[in-house]
Amino acid sequence: MENKKKSATNEKVSKYIPHDIAFSILHKLPLKSLKRFGCVRKSWSLLLQDTRFMNMFRNNFISNSHRYHDGAPIMLRVYDAFQSGHDVLYSFSGHRFENKIKLDCPNLFEEELNNFKIFGLGSSDGTLCLHGLLGLDSCKITLWNPITDLFNPIPPSPVESSLPDAAKVIFTVVSSLHGFGYDRGTCDYKVIRRVHLQCDANLEYVPSNDILGDSPLDQYPIWEIYSLRSNSWKKLDFDMPGYVSCIEGIQAYMDGFCHWLCVHRCRMIPCLVSFDLSNDVFFKTPIPSYVDDCFDVKAKWINLAVLNGFIALLSYNEKTTTFHISILNEHGVKESWTKLFVIGSMSCVKYPIGMGTKGEIFFIRKDKKLAWFNLSTQTIEELAYKPMWYSCRIIIYNKSIFPIEE
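Take any residue in the sequence shown, count from 1 to its spot, add 10: that is its number in the working numbering.
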């Protein structure tokens, strides 16, 4: 009888975990595991609202970011209006980004089209996706590996050449890139874009089958995906939410998924669209109310980023001079957004220009100097460069020595 009482007592003791021990274990868990353990105890389900616990969780989160991008350099894309008349790239590396190198960019397009954009956050498996500026030639795309200096121009799709000559007087084929990434399942680089017709603003015309003929653009807009392995475009037989303006920094790639923000303020609830490159399927994740204010006019700037293996939503509120960082835990689940950081106030910020792999927030200060905020030390440090224009942007570059063609 006595042994039974002792075993019962030991059983009760074994089920009790002191708060300090629970804190020390739980704050080191991935976010997905932490939320799963929330169903064990009510107190654990409220940990994300506990200030002390969240400070421990954030510090661990940032300190482990090196597992995903250890020493990855950044690129600064600057528009040089005085000398070259097009974008110039600088590479910054080192613990404090103290090493700066100017990169030689190949003449990827015709001379008049050499003012290009780098799509998305930066490289995918060492390769950058470059495209001509909208208004010059939005259809010109090329893939470039700066290390090997190899580049592959992407051919036009059949859709672009399907427009009859009679329709070309009235319409222009306009494309907007939405995704670029590497499909590890097929060892293939892929590009996603949305194509539609733009009517001449000086003409009043209603599209008719007589003019468009058999062109697939009679049912515009359409979505296409390009495969480097097959060197061909394929029409996607479904529609997806797209962004309505060419806002830099609202597209990201991570682990076989392309992501972009749908920022249509009039007809659609803001959401994140995630496209699976291997299976050609997409997910929509609504933006929760506490993040929704970043789509308001109060927010001067909004970007997607990859932070410690998560898709992160970073916004800057000009009125409060604060940065907000939220991360997504699961595609398609609105409740899986977690607000991780609120940084500020930072009244010295003139304009943000991007985020580093370890959560560094880069921005132009009001004195026109380039600086970055260190999440780990909570300090602001200068970057050894003073841009002449605000037209600059941070690009993440992960090196790869492999060629982009198979």
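Idealized CB from N, CA, C, for every residue including glycine.
Nothing here was measured: the structure is a model prediction, and the numbers come from that model.
Buried/exposed call for residue i, threshold 16 Cβ in 10 Å
i	result
residue 367	buried
residue 318	buried
residue 105	exposed
residue 113	exposed
residue 405	buried
residue 197	exposed
residue 234	buried
residue 87	buried
residue 137	buried
residue 378	exposed
residue 71	buried
residue 4	Examination of residue 4 is not possible in this model, given that the chain is present from 11 through 416 alone.
residue 165	exposed
residue 403	buried
residue 336	buried
residue 167	buried
residue 407	buried
residue 63	buried
residue 109	exposed
residue 200	buried
residue 111	exposed
residue 372	buried
residue 155	buried
residue 128	buried
Same chain, Cβ closer than 8 Å to residue i, neighbours up to 5 away in sequence not counted
i	result
residue 260	253, 270, 271, 273, 312, 313, 314
residue 262	130, 131, 268, 269, 270, 314, 315, 316, 321
residue 332	326, 352, 353, 354, 355, 356
residue 1	The requested residue 1 is not part of the displayed model; the chain covers only 11 to 416.
residue 307	Residue confidence is low: residue 307 scores 45 on pLDDT, short of 50, so the model does not pin down where it sits. No coordinate-derived value is stated.
residue 341	267, 284, 293, 295
residue 51	none
residue 32	54
Residues that residue i bridges to, as DSSP identifies them
i	result
residue 170	DSSP lists no partner for residue 170.
residue 51	Partner(s): none; residue 51 has no beta bridge.
residue 162	153
residue 322	315, 337
residue 186	204
residue 126	142
residue 109	103
residue 402	88
residue 235	202, 244
residue 133	In DSSP, residue 133 forms no bridge with anything.
residue 192	199
residue 332	327
Own chain residues within Cβ distance below 7 Å of residue i, not counting five before or after
i	result
residue 251	272, 278, 281, 283, 294
residue 391	106, 381, 382, 384
residue 374	360, 361, 363, 380, 397, 400
residue 163	152
residue 369	72, 75, 317, 385
residue 258	403
residue 61	none
residue 103	83, 109
residue 417	Here the chain covers residues 11 to 416 and nothing more, so residue 417 does not appear.
Residues near residue i in its chain [Cβ-Cβ closer than 6 Å; skip 5 each side]
i	result
residue 191	134, 263, 268, 287
residue 344	296, 298
residue 195	288
residue 395	380
residue 189	202, 268, 285
residue 240	none
| Is the stretch 278-287 close to the stretch 260-269, with three or more CB pairs under 8 Å? | yes
| request: Entirely within the stretch 241-295 and at least 4 residues each: give me those alpha helix (DSSP H) ranges in chain order. | output: none
| query | Are the stretch 323-336 and the stretch 353-364 in contact at 8 Å, needing three or more beta carbon pairs? | reply | yes
| query | What are the start and end residues of each continuous beta strand (DSSP E) run of 3 or more residues lying completely inside the stretch 340-397, in chain order? | reply | 347-353, 359-365, 371-375, 380-384, 389-392
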